[in-house]
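Peer 1:
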């Protein structure tokens, strides 16, 4: 059963046996090559192994099978953006958002990619949209605080950085605290 193999692959991945997880997913796909979730899961495991080409192929197949699958679109968009193919990534970010209009992670990831391409105006809009759907998205608060601080809007920046400083993620809270301590005294 493909579903059993996919479950097994997830357990193997949690045990850090990624090669065995990939093998189980590939076996599952021989039984059900039209299972987009298995292709998507395979893409994630291949990326963890550092095989970006194979991860891209798996996510492309997942998107081909289910174009409305927002998570597969987002994973593919992030990979493409990180590999320097922002124009195609933009298409997949936008498709992910159209498919799942309340998907805060898609807005956040698209904002990060836009900021990396110096489109801070659009990045701000997508960060605000992410926060509309997930008010406690600490990374979105951090990124928006950083963007506003760089633009000199310290009052608005401080509000978002204080939210980010409350994050349980040490990386986010420390980054926000550092910026608050350096520019708001």
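Residue numbers (our numbering): 94 to 278. Where is the CB? At the ideal position from N, CA and C, for every residue including glycine.
To the nearest whole angstrom, what separates the beta carbons of residue 193 and residue 199, a pair I think is in contact under 8 Å?
Peer 2: Right, their Cβ atoms sit about 7 Å apart.
Peer 1: Count the C-beta pairs between the region 158-166 and the region 142-149 that are closer than 8 Å, then say yes if the count reaches three, no if not.
Peer 2: Touching, no, given that fewer than three Cβ pairs across the two stretches are closer than 8 Å.
Peer 1: Taking the alpha helix (DSSP H) that residue 162 belongs to, which residues open and close that run?
Peer 2: Run containing residue 162: none; DSSP gives neither H nor E here.
Peer 1: Just how far apart, CA to CA, sit residue 245 and residue 169?
Peer 2: Distance between the alpha carbons of residue 245 and residue 169 is about 34 Å.
Peer 1: Helix, strand or coil: which one does DSSP assign to residue 242?
Peer 2: Correct three-state label for residue 242: helix.
Peer 1: What do you reckon, are the CB atoms on residue 223 and residue 238 nearer than 9 Å?
Peer 2: For residue 223 and residue 238, no; Cβs fall outside 9 Å.
Peer 1: Do you know whose CA, among 230, 116, 127 and 231, lies nearest residue 138's CA?
Peer 2: When each option's Cα is compared against that of residue 138, the closest is 116.
Peer 1: Taking DSSP as the reference, what is the three-state secondary structure of residue 95?
Peer 2: Residue state, collapsed to three classes: helix.
Peer 1: Name the two residues that bound the continuous alpha helix (DSSP H) containing residue 212.
Peer 2: No alpha helix (DSSP H) contains residue 212, which DSSP labels as neither H nor E.
Peer 1: With DSSP run on the structure shown, which of helix, strand or coil describes residue 230?
Peer 2: Coil.
Peer 1: Mind the definition here: the region 119-126 touches the region 98-108 only if three or more C-beta pairs lie below 8 Å; say whether that holds.
Peer 2: A contact exists between the region 119-126 and the region 98-108.
Peer 1: Does the region 212-228 come into contact with the region 175-185, if we say contact requires no fewer than three beta-carbon pairs (one atom in each stretch) closer than 8 Å?
Peer 2: Verdict: no, contact absent.
Peer 1: When the Cα atoms are used, what is the spatial distance from residue 202 to residue 171?
Peer 2: About 7 Å.
Peer 1: Only counting the same chain, and skipping five residues up and downstream in sequence, which positions put a Cβ closer than 7 Å to that of residue 176?
Peer 2: Same-chain partners within the cutoff: 145.
Peer 1: Would you identify the three-state DSSP class for residue 186, choosing helix, strand or coil?
Peer 2: Reduced to three states, the DSSP call for residue 186 is helix.
Peer 1: Alpha carbon to alpha carbon, what distance is there between residue 108 and residue 164?
Peer 2: Distance between the alpha carbons of residue 164 and residue 108 is about 23 Å.
Peer 1: Could you compute how far the alpha carbon of residue 181 sits from the alpha carbon of residue 173?
Peer 2: Approximately 7 Å, taken between the alpha carbons.
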